[in-house]
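Have a look at the structure below before the remarks.
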Amino acid sequence: MAEEQQESSQAEVEGVNCLAYDEAIIAQQDRIQQEDLHKKYSYIRKTRPDGNCFYRAFGFAHLESLLDDSKELQKFKAVAAKSKLDLVNEGFTEFTIEDFHNTFMDLIELCEKQPSLQELLSSFNDQNVSDYVVVYLRLLTSGYLQREYGFFQHFIEGGRSVKEFCQQEVEPMSKESDHIHIIALAQALNVSILVEYMDRGEGGTVNHHVFPEGGDPRIFLLYRPGHYDILYK
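Following the numbering used here, the numbering of the sequence shown begins with 2 at its first residue and continues without gaps.
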């Protein structure tokens, strides 16, 4: 299910809930070799292309970055612990979100025990654990969007309210993520994310954006239309 780590500077590390190697990912790797991207990053970790890839990539990459940073881990744990109350105050039913929150906190507490990277990866490759984390991150994204509806309403098309957008495009599993989702989750958890956007057009340009603007990113993601993977310096 996952590829073994290679020795080259452009190695592919074991994936997060990944699928078998396919032509799209091979083509993506070829593009990385051709772009300036390879000058900045050494590794890529694949995530399953199932519409939940942003949340899965975010969850794993951030917790991985905290394995050797106990101070930031404790800060993140405090934010995550409080997040359930924030959702309840936003109108979510505590009973329906509790299991998802508990799974999220269990992973953070696992990181406190300084597990091996393989142990963390194994947790994320457990379908039930991984999906529960995705659900909770989607709820956090929805909660922040609704809490800050006055700002985000201007970015929602189709005459929908923020609540309708969240019910249709954020909370359901397998719905793909865009700028608005990334901004909301980054701000909800106070985590900075850098996304490298790979253009499929002629010229093969790569542009990056930091969420929120001016942040010092701990997470680096590669976006190609419809999919996010994790990048490593």
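In this text, a Cβ means the ideal position worked out from N, Cα and C, and glycines have one as well.
- Within the stretch 175-230, complete alpha helix (DSSP H) segments of at least 4 residues are found at 180-190, given in chain order.
- Counting the other CB atoms within 10 Å of its CB gives L118 a total below 16, which places it among the exposed residues.
- Fewer than three pairs of CB atoms, one per stretch, sit closer than 8 Å, so the stretch 118-133 makes no contact with the stretch 80-89.
- For R161, the CB contacts under 8 Å within the same chain, skipping 5 residues up- and downstream, are Q169 in chain order.
- Across the structure, F55 and T94 are spaced so that their CA atoms are roughly 25 Å apart.
- Inclusion of A187 and F212 in the CB contact set at 7 Å is warranted, their separation being smaller than that value.
- Between D70 and T97, the alpha-carbon positions lie close to 32 Å from each other.
- Approximately 4 Å separates the beta-carbon atoms of T104 and Y133; this is inside 8 Å, confirming the contact.
- One thing to note: L38 has its Cβ no nearer than 7 Å to the Cβ of V196.
- Sequence-distant Cβ neighbours of Y224 in its own chain, meaning closer than 6 Å and more than five residues away, are V196 and Y198.
- Fully enclosed beta strand (DSSP E) runs of no fewer than 3 residues occupy 44-48 of the stretch 38-101, in order along the chain.
- Counting only residues of its own chain and dropping the five nearest sequence neighbours on each side, N53 has a CB closer than 7 Å to the CB of V135, M174 and S175.
- In terms of Cβ geometry, E172 and R139 form a close pair [threshold 7 Å].
- Distance from the Cα of F59 is smallest, within the candidate group E158, D100 and F221, for F221.
- Of the candidates S43, K40, I45 and D51, D51 places its Cα closest to the Cα of H228.
- About 4 Å separates the CB atoms of Y137 and F101; that is less than 8 Å, so the two are in contact.
- Excluding five sequence positions before and after V89, the CB atoms of its chain that fall closer than 6 Å to its own CB belong to E95, given in chain order.
- Per DSSP, F166 is one residue of the alpha helix (DSSP H) stretching across V163 to F166.
- Closest in C-alpha terms to L141, from the list E99, Y233, H210 and K41, comes E99.
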